[in-house]
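So for the sequence shown, the numbering used here puts the first residue at 1239; every next one is plus one.
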Amino acid sequence: MITAMLKPAYDAFYRSFLQLVERNLVPDFLLRRGIRFLLRTKCLFHFKNTEDRLKHEMEFVEDLRLRPVAEQTKAANEQHYEVPTEFYLECLGKHLKYSCCLYSKPWMTLDEAEREMLQCYGRRMKIMNRQNILELGCGWGSLSLWMAQMYPLSKITSVSNSTTQKEFIDARAKELGLTNLTIITADMVTFEAPEAGNYDRIVSIEMFEHMKNYDKLFERCTRWLKSGGLMFIHIFVHKDTPYHFEEESEDDWMSKYFFTGGTMPSDRLFCFFAKGLHLKQQWRVNGNHYYKTCEHWLQNLDRSYRKGKAKAILEKTYGKEQSVKWYVYWRLFFLSCAEMFNYDNGEGKGNEWYISHYLFEKP
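As structure tokens, then:
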């Protein structure tokens, strides 16, 4: 941890270093070392012992109960959707899955790993035909479109806070001839499900990390589910220490540019909020799977930039003068996520930050 005496010098060094980074003058091996340094100093050494960590988690739970359902949603939305869908078509796999994929075999391609995780969701949330399914935070429709295709007799309703995403999914559904998928554009702070009490399944993939007041959110989800219905949640977590993404110092780069208002849940955080629901089963997905996902996104971005496609998109979005900086920022975002999920805490890589899957049941 940086001491108060050293902090002014450290901040000055960080600003100078970031200027070099923004000009794309720093090689990846130095960037990765810097990211690992920040993970060690900012995220892992705040608490001296297990008692302090537990006290922090309990205080964190109580603090969340006093907050709105989500915070700074406009800023967070702009950070990821300011760039057009074409940018993500260059970086993600063919399913446009903007979340952790599953590499059940180490040689898998990104497209294969996307499909593997989608199939995993289907098994774990026990999807069948003739179900009424609600997806919260559907992204570019990777899971929504997959469910609509695989279970044509089920009714899928998916929620996104982006009109761009709705337009993209609607167009793709039309191309595929799907008639069982409805996309709703809404802010989760105020969203109310159109068929409350009638959903067999609720599913959310990496959306709860953008939320705060889980008491209110779980209460709504419980109300929306049928009796006997299941809710499946996929989130990234820290193994025992929840925290907010807040811009508190010069080096809170992720909070400032990519995850404003975000939350890093701890592995067991939701157990304090799921009133009215029973935790039927939980699974963990080693962080190495997200590391591989982010590395594939980075490779795709670099390949597209060299060909001029991503470069043209970034120039159009941010302007020519800012395009190199934002190319570096997106690279740094993927690198930061990759290094975080690949962090070696002495128990092996991918065991400090990872993915948790939860299956809740409404009695």
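Just so you know, even glycine gets a beta-carbon here, dropped at the ideal spot from N, CA and C.
These numbers come from a predicted model, not from an experiment.
What's the C-alpha gap between residue i and residue j?
i              : j                  : result
cysteine 1338  : leucine 1391       : 28 Å
glycine 1331   : glutamate 1289     : 43 Å
lysine 1312    : threonine 1401     : 13 Å
lysine 1600    : phenylalanine 1298 : 26 Å
valine 1441    : histidine 1595     : 11 Å
leucine 1536   : tryptophan 1568    : 8 Å
threonine 1417 : asparagine 1524    : 36 Å
aspartate 1468 : valine 1264        : It is leucine, not aspartate, that sits at residue 1468 in the sequence shown. Each residue's Cα considered, the two are about 48 Å apart.
tyrosine 1336  : glycine 1500       : 16 Å
Give me whichever residues DSSP pairs with residue i in a beta bridge.
i               : result
threonine 1501  : His1482
isoleucine 1365 : None; isoleucine 1365 has no bridge partner.
histidine 1516  : Glu1599
histidine 1476  : Ser1504 and Trp1591
May I ask you to report which of helix, strand or coil DSSP gives residue i?
i                  : result
asparagine 1370    : strand
tyrosine 1389      : coil
isoleucine 1443    : strand
histidine 1534     : helix
glycine 1331       : coil
serine 1342        : coil
threonine 1420     : strand
tyrosine 1437      : strand
serine 1380        : helix
phenylalanine 1510 : helix
phenylalanine 1571 : helix
As a quick exercise: from the options, pick the residue whose alpha carbon is nearest that of residue i.
i                  : options                               : result
proline 1432       : Arg1439, Thr1395, Asn1451 and Phe1406 : Thr1395
valine 1321        : Gly1557, Leu1570 and Asp1582          : Gly1557
phenylalanine 1571 : Met1363, Glu1373, Phe1497 and Tyr1452 : Phe1497
glutamine 1387     : Asn1367, Lys1404, Gly1377 and Leu1372 : Asn1367
aspartate 1438     : Thr1428, Thr1460 and His1448          : Thr1460
methionine 1578    : Gln1560, Val1562, Arg1506 and Lys1477 : Lys1477
methionine 1355    : Phe1508, His1472 and Met1296          : His1472
phenylalanine 1598 : Trp1591, Val1566 and Ala1512          : Ala1512
leucine 1340       : Lys1530, Asn1370, Tyr1581 and Leu1374 : Lys1530
lysine 1454        : Leu1573, Met1296 and Ala1308          : Ala1308
phenylalanine 1474 : Glu1295, Glu1486 and Phe1446          : Phe1446
Counting only runs of 4+ residues fully inside the segment 1266-1296, write out the alpha helix (DSSP H) ranges in chain order. 1266-1276
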